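Q:
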Amino acid sequence: MTHTQLPGHSEQPLTAAYDTALLDLDGVVYAGAAAIEYAVESLDAARAAGMRLAYVTNNASRPPRAVAAHLTELGVPAAPEDVINSAQAAARLVAEKVPAGAKVLVVGGPGLVEALAERGLVAVESLADGPAAVVQGFDPSVGWERLAEAAYAVAAGLPWVASNTDMSIPTARGVAPGNGTLVAAVRAATGAEPEVAGKPLPPMHRETVLRTGAKRPLVVGDRLDTDIEGAFNGGVDSLLVFTGVSTPAQLLAAPTQPRPPLLAAGLRGLLEPPPAGAFLPG
1187 MTHTQLPGHS EQPLTAAYDT ALLDLDGVVY AGAAAIEYAV ESLDAARAAG MRLAYVTNNA
1247 SRPPRAVAAH LTELGVPAAP EDVINSAQAA ARLVAEKVPA GAKVLVVGGP GLVEALAERG
1307 LVAVESLADG PAAVVQGFDP SVGWERLAEA AYAVAAGLPW VASNTDMSIP TARGVAPGNG
1367 TLVAAVRAAT GAEPEVAGKP LPPMHRETVL RTGAKRPLVV GDRLDTDIEG AFNGGVDSLL
1427 VFTGVSTPAQ LLAAPTQPRP PLLAAGLRGL LEPPPAGAFL PG
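Mapped onto this note's numbering, the consecutive letters of the sequence shown carry residue numbers 1187 to 1468.
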């Protein structure tokens, strides 16, 4: 990726400066089941301007086909191959650690199960089933029994991979506990640390690059600690939108690096030129 310098005031909108928008979902495109204000219209205009749209989420609960169907219902046409999630990155990590066709203890939803199947791995729910590894991802139905199985398996020495460690997730009713809180429960019981696949860490960036082939990508997210930090770690330009978790006050209090080079109230920012003299490190 190269640095992009836009001298003076550029009239070129972001849709022309970048070939692909790598969009987070929760807090950027939708909150819970509902689209965020202006998101559908903005993405439609970005697509019409020639920008490719890919959806990159740390939420591992649903498989790409379900996410694509949800987006399409909201008025954002999407195919399964347009969606990259942390379950896919986690499954790739697990596949590199266990024999082909191995069983894997899953603490999570259908997104993880399908991602493992894509790698030829078999999802199980108990240590008694003889798994070779543990993988953990967000699912609102996860309860004590499944967390306990994960703790037993991790304590027995099995490799432990977490799709992500986001402590919160935006919903239609507000901010709710995320996968990081479930990971914390297993950590507290075992004293172990998982290998994490999702944003802001390299496995998720690798998965995104492999699946999109983007040449001039722009990461669009609502979280400083995952989306923006992940873009910085991957050497990719980023746009922070204030429709989700991170607030302007948190941005002002954040360390100088990593900070997003671009800011917008929401996805309509994709259709605007950057501020005068903007330097877009990538």
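Quick reminder that beta carbons are idealized off the backbone N, C-alpha and C, glycines included. Note that this is a predicted model, so its numbers are computed, not measured.
(1) Quick check on the burial criterion: 16 or more other C-beta atoms within 10 angstroms. Buried or exposed for G1468?
(2) The beta strand (DSSP E) that contains T1376, what's its start and end?
(3) Buried or exposed for R1359, going by 16 or more other Cβ atoms inside 10 Å?
(4) By the three-class DSSP mapping on this structure, what secondary structure does N1419 have?
(5) As a quick exercise: from L1260, N1271, A1255 and P1444, pick the residue whose alpha carbon is nearest that of L1208.
(6) For L1449, write down the residues that DSSP places opposite it in a beta bridge.
(7) Just the C-alpha distance for P1386 and P1326, rounded to the nearest angstrom, thanks.
(8) Between the alpha carbons of A1288 and E1311, how many angstroms are there, rounded?
(9) Beta-carbon separation of A1275 and V1290 under 7 Å?
(10) Output needed for G1159: all residues of its chain with C-beta closer than 7 Å, excluding positions within five of it in sequence on either side, in chain order.
(11) According to DSSP, G1294 sits in a beta bridge with which residue or residues?
(12) Starting from L1211, follow the alpha helix (DSSP H) in both directions and report where the run begins and ends.
(13) Which value, in whole angstroms, describes the spacing of the CA atoms of P1459 and A1450?
(14) Contact defined as beta carbons within less than 8 Å: I believe V1369 pairs with A1319. What is the distance between those atoms, to the nearest angstrom?
(15) Kindly indicate which three-state DSSP category A1362 falls into: helix, strand or coil?
(16) Assign S1354 to one of three DSSP states: helix, strand, or coil.
(17) If you drop the 5 nearest sequence neighbours on each side, which residues of the same chain put their C-beta closer than 7 Å to that of V1340?
(18) Run the CB neighbour count on E1197, radius 10 Å, all protein chains shown included, and call it buried at 16 or more, exposed below.
(19) Helix, strand or coil: how does DSSP classify A1455 here?
(20) Can the beta-carbon of R1233 be found closer than 7 Å to that of L1239?
(21) Quick one, are the C-beta atoms of A1246 and F1324 less than 7 Å apart?
(22) Which residues in the same chain as V1269 place their Cβ atom closer than 6 Å to its Cβ, once the five residues preceding and following it in sequence are excluded?
(23) Entirely within the segment 1203-1264 and at least 4 residues each: give me those alpha helix (DSSP H) ranges in chain order.
(24) Terminal residues of the continuous alpha helix (DSSP H) containing N1395?
(25) Nearest-angstrom Cα distance between T1351 and T1412?
(26) What number of angstroms, rounded off, separates the C-alpha of A1286 from the C-alpha of R1305?
(27) On the three-state DSSP scale, how would you describe V1340?
(28) Does the separation of the CB atoms of T1429 and I1222 fall below 7 Å?
(29) Between the alpha carbons of L1228 and G1455, how many angstroms are there, rounded?
A: Straight from the coordinates:
(1) Low confidence applies here, because G1468 scores a pLDDT of 29, under 50, leaving its location unreliable; read the following figure in that light. So G1468 ends up on the buried side.
(2) Run containing T1376: none in the beta strand (DSSP E); it sits in the alpha helix (DSSP H), N1365 to T1376.
(3) For R1359, the number of other beta carbons within 10 angstroms of its own is below 16, and it is reported as exposed.
(4) helix
(5) Proximity to L1208 across L1260, N1271, A1255 and P1444 peaks at N1271, based on C-alpha coordinates.
(6) L1426
(7) 22 Å
(8) 13 Å
(9) no
(10) As shown, the chain starts at 1187 and ends at 1468. That puts residue 1159 outside it, with no answer to give.
(11) Its beta-bridge partners do not exist; DSSP assigns none.
(12) Unbroken run through L1211: none, as it is neither H nor E.
(13) 11 Å
(14) With a Cβ gap of about 15 Å, V1369 and A1319 do not count as contacting.
(15) strand
(16) strand
(17) V1320, W1346, V1372, T1376 and A1378
(18) exposed
(19) Looking at the sequence provided, one finds Gly at residue 1455 rather than Ala. Reduced to three states, the DSSP call for G1455 is helix.
(20) yes
(21) Closer than 7 Å, so yes.
(22) Y1241, P1250, V1253 and A1254
(23) 1225-1234 and 1250-1260
(24) Looking at the sequence provided, one finds Val at residue 1395 rather than Asn. Segment P1388 to T1398, the alpha helix (DSSP H) holding V1395.
(25) 9 Å
(26) 8 Å
(27) Secondary structure of V1340 (DSSP, three-state): helix.
(28) In terms of Cβ geometry, T1429 and I1222 form a close pair [threshold 7 Å].
(29) Before going on, a small fix: residue 1228 reads as Ser here, not Leu. If you take the alpha carbons of S1228 and G1455, they lie about 8 Å apart.
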